[in-house]
Amino acid sequence: MKKFIIAILLCAAAVFAQSGRLKFPHIERLGENPVNSAAPWKVVNRITPDIEEQTIYSFKYHPDGKSVIIGTSDFIIYRVSLENGKMLWKAEAKMMFQREFDGPYIYDVSPDGRYFLSIGQTRPDVQASERFLVMRSCDDGRIVRRFPAVQSLFWSMSADIDYRYPGKEEEIRRTEAGIGFNWIMTIEDAKFIDGGRRIVAQYEHNMTGADFYDKRIMIYNTQSGRKENDMQLAADPETANWDQPAGFDIAHLQFPWVYNAKRKSLIFGTAHGRIHEMDSATMVRNMREPLVEKKPAGNILFVPISTSPDMQVKNMQTSRYMAISPDGRTVYVSAGYGGGDIQLYAFDYASRSEIFHSSLFDAGRLIAPSNDILVVGGLDMQSKLLIVDVRTGTLLFSPEDLSEDNVSTSIFETNPKFREVAGIARGGVITLIRPDNREVAW
């Protein structure tokens, strides 16, 4: 028995030591950040895609690593070769814009390369109509499955809010009076999970203001399209103020989440700076309870603590973006109120402890394509795309100011086949970044 306990402790120590070695370089929020010249990543190719001079809104790599699927602000979807930029096919995605810069998201591509997840609209001629999840073919872009439009289930007695569908009579009254529907949800994100067998989809309220707190995550069966599980975002009991919607005093500008494949659970961050985990059983209990103030919020894994001298409250850092390492051991979170108070954090999942926190800079979207590489976007035009080796704490790529290597810090992706990051530069050029122009596996 004693030997067994010692073995467990040694294994736990080994796991912690491996995660504990992760590092992050000091990053200046403004100005240049020196790249390690001994191990740099460089722009190896610039491709002008044949998308009829349209503006790229979103894109994802196909699993072949040699082509991308692009959604444009003209609501057209293209598949384009990365070898020469040639258009392989195009398909219309008819919708009416709902924001100044809008288009069809390309959320994810199935691991087998057969399908991709995007967005549809119930009434393409009506701006405020529901946007829902669709699955399209990678062969020609045609829609192969339309998932049902989602209606809100948000009900709070303490905040006196009820967005549940009120019935056909009220729907007709609102239509005749020209009053908008307050029960509409819209798709915001989706990913294939469990080898493509299931899909996680995130929805938020379609109405400005309500979209800051009325948020849901659903899980579908890919083959049948049947909904398997569902959850409604709610504040944790410790920080909840139930006079406010869903208990949140702070609006959710982002709602970051990742899927923990090993635990079959969701990990998500809230505006109150708590990182929650919710398993399948808790999701079921969450949706069985109609009142939002009584819904279980899941277990709290981590709480990012700010080191900013300007922050009086250190433990309420709004969660911005999130990533999880492929081995499931490390969870990365960017958190903070903004304006120079945002930091990047890494947490060890097993020990629930912080591995590192960065200097203060506007860390945005995060991708962890391997256990040693982290790609970091930004939150504004002054930010720069960063590629970091977290095992050594080395900055591998950061473009110089006004350089043609500068790419979008919000629209970028990683190649699933080998070490390559693609970003969008000026003029809609797809910029490919690699270590020494070699195709090295992740």
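For the sequence shown, position 372 matches number 1208 in the numbering used here, and the numbering has no gaps at all.
Glycine is no exception: its CB is placed at the ideal position from the N, C-alpha and C atoms.
Excluding the 5 residues preceding and the 5 following residue i in the sequence, name in chain order all residues of the same chain whose CB lies nearer than 8 Å to its CB.
i	result
M1152	T1075, I1086, H1108 and G1109
N1273	K878 and V880
W991	I997, D998, Y999, R1000, P1126, L1127 and V1128
Looking at the secondary structure, which residues open and close the alpha helix (DSSP H) in which residue i lies?
i	result
T1118	S1116 to R1124
Can you check DSSP and say which residues form a bridge with residue i?
i	result
S1170	Y1157 and L1180
F1104	W1093 and H1112
E826	Only positions 837 to 1278 of the chain appear in this structure, which leaves residue 826 out of reach.
D1025	Q1038
Y951	S973
A1261	V1265
S1189	D1184
I905	K896 and R915
Can you find the residues in the same chain that come closer than 7 Å, C-beta to C-beta, to residue i, ignoring five residues on each side of it along the sequence?
i	result
T1245	G1200, G1213, G1214, S1219, K1220 and L1221
S994	W1078, D1079 and E1129
E1249	F895, K896, Y897 and A1258
T891	T908, S909 and G1264
S1161	A1204 and N1207
S1195	H862 and I863
I1023	I955, R967, F968, L969, A1037 and Y1039
How far does the beta strand (DSSP E) with residue i in it extend, from its first residue to its last?
i	result
H1041	R1034 to H1041
Y893	I892 to Y897
M1054	K1051 to N1057
R1270	V1265 to P1271
T1250	F1248 to T1250
W877	W877 to I883
M1067	K1063 to Q1068
L832	In the structure displayed, the chain extends from 837 to 1278; residue 832 sits before or after that span and is not available.
I942	It is not in any beta strand (DSSP E) - I942 carries neither H nor E in the DSSP assignment.
Skipping 5 residues on each side, what residues in its chain have a beta carbon closer than 6 Å to that of residue i?
i	result
F1138	I1111 and F1183
E1064	I1055 and N1057
D886	G921, K922 and M923
I1020	E966 and N1042
A927	I913 and G977
H1193	Q1179 and Y1181
S946	F1028 and G1032
F840	Because the pLDDT at F840 is just 42, under 50, the model does not fix this residue reliably, and the point stays unresolved.
V1036	K1027, I1029, I1055 and Y1095
A843	In this prediction, A843 has a pLDDT of 43, which is less than 50 and means its spatial position is unreliable; what the coordinates show is noted afterwards. Result list for A843: empty, nothing under 6 Å.
L846	Here L846 scores only 41 on pLDDT, less than 50, and its place in the model is too uncertain to base an answer on.
Considering only heavy atoms of the ligand FMN, does any lie closer than 7 Å to the CB of residue i?
i	result
E1005	As for the ligand FMN, it is missing from this structure, which has no ligand bound.
Open item on the list: Between the segment 1000 to 1015 and the segment 916 to 923, can you find at least three pairs of beta-carbon atoms closer than 8 Å?
Closed with: With contact defined as three or more Cβ pairs closer than 8 Å, the segment 916 to 923 and the segment 1000 to 1015 are not in contact.
TODO: Report yes or no: do three or more beta-carbon pairs, one from the segment 956 to 968 and one from the segment 1087 to 1096, lie closer than 8 Å?
DONE: The segment 956 to 968 vs the segment 1087 to 1096: no contact.
Open item on the list: Report the start-end ranges of each beta strand (DSSP E) in the segment 977 to 1022 that is 3 residues or longer and not cut off at the edges.
Closed with: Runs of the beta strand (DSSP E) inside the segment 977 to 1022: 979 to 982.
Open item on the list: Quick test of the definition: if touching needs 3 or more C-beta pairs under 8 Å, does the segment 1175 to 1191 touch the segment 1137 to 1152?
Closed with: The segment 1175 to 1191 makes contact with the segment 1137 to 1152; the number of CB pairs closer than 8 Å reaches 3 or more.
- [ ] Taking only runs that begin and end inside the segment 1193 to 1231, name each unbroken beta strand (DSSP E) of 3 or more residues, in chain order.
- [x] List check, beta strand (DSSP E) in window: 1199 to 1203, 1209 to 1214 and 1222 to 1225.
Open item on the list: Under 8 Å, with one C-beta from each stretch per pair, do the segment 1032 to 1040 and the segment 1117 to 1127 reach the 3-pair mark?
Closed with: Result no; under three Cβ-Cβ pairs closer than 8 Å.
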